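Colleague:
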Amino acid sequence: MKKDIWTISDIDDLTGKVFLVTGANSGIGYEAAKVFASKGALVIMGCRNLEKANKAKQDIVNEFPNSLLDIIQLDLASFKSIKLFTDKVLEKYKKLDVLLNNAGIMTVPYGSTEDGLERQTGVNHFGHYYLTMNLVELVNKTEDSRIVNIASIAHKYGNIKKNTFHYEKGKRYSKMKAYAQSKLANLLFTYKLKQKLEKQNSKITVLAAHPGVSKTNLGSHIKTGSIKWIQRTLTLVIQSQDRGALPGIRACTDKNVISGQYYGPSSLFEFKGNPVVVKSTRRSHKQELQDMLWTESVRITRLDLHL
Ligand SMILES: NC(=O)c1ccc[n+]([C@@H]2O[C@H](COP(=O)([O-])OP(=O)(O)OC[C@H]3O[C@@H](n4cnc5c(N)ncnc54)[C@H](OP(=O)(O)O)[C@@H]3O)[C@@H](O)[C@H]2O)c1
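The numbering used here numbers the first residue of the sequence shown as 8 and each following residue consecutively.
1. Just to confirm the assignment, what range does the beta strand (DSSP E) spanning isoleucine 157 have?
2. Which partner residues of tyrosine 270 appear in the DSSP bridge assignment?
3. First and last residue of the beta strand (DSSP E) that includes isoleucine 160?
4. In three-state terms, what does DSSP make of threonine 93?
5. May I ask you to report which of helix, strand or coil DSSP gives valine 264?
6. What residue range is occupied by the uninterrupted alpha helix (DSSP H) comprising leucine 300?
7. So if DSSP puts glutamine 130 in a beta bridge, which residue, or which two residues, is it bridged to?
8. Going along the chain, which residues of its own chain have a beta-carbon closer than 7 angstroms to the beta-carbon of phenylalanine 133, five neighbours each way excluded?
9. With 16 as the cutoff for other CB atoms within 10 Å, does aspartate 17 come out buried or exposed?
10. Are there any heavy atoms of ligand 1 lying less than 7 angstroms away from the beta-carbon of proline 218, as far as the coordinates show?
11. Tell me whether lysine 190 counts as near ligand 1, meaning its Cβ is closer than 7 angstroms to at least one heavy atom of that ligand.
12. Where does serine 16 sit, in a helix, a strand or coil, going by DSSP?
13. For ligand 1, is there any heavy atom lying closer than 7 angstroms to the beta carbon of cysteine 259?
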């Protein structure tokens, strides 16, 4: 692991650039959108909840009055909503410098997306896969562009096997395993996308990042009454959401990144610290798993990468 100190003052002026952040109304996505806007980028905020999105936009504008922010509604649990969203983006914008696939849900009870997929992998992976396939041509025609996927330390506990995404009405469903699987999928997707883009002579840089353990709304649905000690332990190692956003922000803006890199915090088992290049598991680099996930993603979304 390389140790260095990188801060938002290392980011160049982003005037004239268009950034898209999914889940920009809260947590890591909100912090990232704020930093990009403060540096002059126009930020498309892909948000499910328009009320929260408007509040987030107002908060950013209050702090940075010149911010250029465009809220477009997006529900990653619905392919129909994603298509409406990407159609609007394609209609309004002639370039897309950075796509930050950030939105996510964690350890939610069993449920399915509008299209019948298990919710965590449906939102965290398949929704972002579908969104990316719809926007990749626009990203590709933008010079020096990149796609960044937000993963998690939890990917280390994830596995993907044949039929792994299919639960009969929640049978055999484990909310922890499904979350870990969805975050492993974010990394498998990152590495396979890089490979496929390179084969098609695309210059898009593809990266992944994770926020360590950051205080956001991600676990707000978890009832901690009986496990207060976990909360207390976590507060010792947890970092603020603005610190947690730094690995993703660095992956989106640092000129020295190399396609295929994975950014995360430098210290305490990557729970917190400076944003640096970190390693993902050997499993995340397994070609057969990357191929299996890609084939399944094409089957489900009926979209493949053709530039
Ligand atoms: N916080 C951590 O410690 C941590 C650790 C590892 C990885 N991560 C990853 O970081 C990313 C951001 O999470 P966060 O910690 O910032 O949590 P957060 O504060 O809960 O933010 C999650 C964002 O995703 C959005 N979202 C959820 N479901 C969506 C859907 N169906 N369609 C569109 N947007 C949806 C949420 O929108 P609503 O406001 O409408 O719900 C919200 O804006 C996630 O991918 C998560 O897995 C976080």
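C-beta atoms are modelled at their ideal positions from N, C-alpha and C, and glycine is treated no differently. For clarity, every value in this text was computed on a predicted model and none was experimentally measured.
Modeller: In short:
1. 153-157
2. Ala216 and Val284
3. No beta strand (DSSP E) holds isoleucine 160; DSSP gives it neither H nor E.
4. helix
5. coil
6. 294-308
7. In the sequence on display, residue 130 carries valine and not glutamine. According to DSSP, valine 130 bridges with nothing at all.
8. Leu124, Ser304, Ile307 and Thr308
9. exposed
10. yes
11. yes
12. helix
13. no
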